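Note sheet for the following structure.
Numbering (the working numbering), first residue to last: 12 to 172.
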């Protein structure tokens, strides 16, 4: 998901987040429902004498809970691209800013690089002076192409000054 905001006369801010099907509360409700159904089935089979079902049901629920936690945490990833004046700033993080890259606006180039395998999506890179930063790794190919067009348009206005 890409959110674009104007920040003054020549400033623009892109906020990039992955699409999430459920928020944390929705994931907890889903996990609770699956846990209830699994527990009822496991207790039923235990009552019928197949007691070995119970520990495997617990193991399965633990694995599902861990997977839901990882997916929910990954869904909080945020990238911001701020373009103002002659500066381009890329900030990445989850709950706080974990990395920041500052580039000169006029030297920055937006590139869609093909992936190493045909079934992988493009890589959206912003390069300047031999260094590159990948952005939007969680976006679809169509969203990356759209963002690349918008970023190129925003960066090309530097040439008009």
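C-beta: ideal position from N, C-alpha, C; glycine also. Here the structure is a predicted model, which means the values were calculated and not measured.
Item: Taking Cβ positions, are residue 76 and residue 53 nearer each other than 9 Å?; Value: no
Item: Spatial neighbours of residue 16 within its chain, please: CB distance less than 6 Å, with the 5 preceding and 5 following residues excluded, ordered by chain position.; Value: 24
Item: Under 7 Å Cβ to Cβ from residue 64, same chain only, skipping five residues before and after it: list those, please.; Value: 53, 56, 57
Item: Would you call residue 91 buried or exposed, if buried means 16 or more other Cβ atoms sit within 10 Å of its Cβ?; Value: buried
Item: Under a three-way DSSP split, which group does residue 120 fall into?; Value: strand
Item: Could you give the DSSP three-state label for residue 160: helix, strand or coil?; Value: helix
Item: Which residues share a DSSP beta bridge with residue 22?; Value: Its beta-bridge partners do not exist; DSSP assigns none.
Item: Which partner residues of residue 101 appear in the DSSP bridge assignment?; Value: 92, 112
Item: Buried or exposed for residue 7, please, with buried defined as at least 16 other CB atoms from any protein chain shown within 10 angstroms of its CB.; Value: For the chain, the structure presents residues 12 to 172; residue 7 sits outside this window and is missing.
Item: Buried or exposed, going by whether 16 or more other CB atoms sit within 10 Å of the CB of residue 51?; Value: exposed
Item: Check whether the stretch 125-145 and the stretch 77-86 are in contact - that is, three or more C-beta pairs closer than 8 Å.; Value: no
Item: For the alpha helix (DSSP H) containing residue 83, name the first residue and the last one.; Value: 64-85
Item: Contact check, residue 13 vs residue 154 under 8 Å by CB: the rounded distance?; Value: 6 Å
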